[in-house]
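S.K.:
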Amino acid sequence: MIRKNRAGHAVSIPSVCSAQPDVLRASMALAKRLDRQIVIEATSNQVNQDGGYT
1163 MIRKNRAGHA
1173 VSIPSVCSAQ
1183 PDVLRASMAL
1193 AKRLDRQIVI
1203 EATSNQVNQD
1213 GGYT
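First residue of the sequence shown: 1163, per the working numbering; consecutive thereafter.
#1: Let's see if you can read the secondary structure: which residues bound the alpha helix (DSSP H) around Val1185?
#2: With distances taken from CA atoms, which of Ala1191, Asp1197 and Val1185 is nearest Glu1203?
#3: Check whether the Cβ of Ile1175 sits closer than 6 Å to any heavy atom of the ligand ATP, and report yes or no.
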């Protein structure tokens, strides 16, 4: 990805902020199909102090 960027190619990483299983599955399937990386984020309201989902 860095090499592509440095070579002048537009590069992006999709970012998904959802705890909904269907959204996560679809996002990961698309990333796999396109051979891309993906970032899955959580807001502070979605994660408790023990690292688990609320």
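All C-beta atoms, glycine included, are put in the ideal place defined by N, C-alpha and C.
M.R.: By the coordinates alone:
#1: As a first step, residue 1185 is located in the sequence shown; it is residue number 23 there, counting from the start. Going by DSSP, Val1185 is part of the alpha helix (DSSP H) stretching over Pro1183 to Arg1195.
#2: On the sequence shown, position 41 is the one that residue 1203 refers to. When each option's Cα is compared against that of Glu1203, the closest is Val1185.
#3: The model depicted lacks the ligand ATP and carries no ligand whatsoever.
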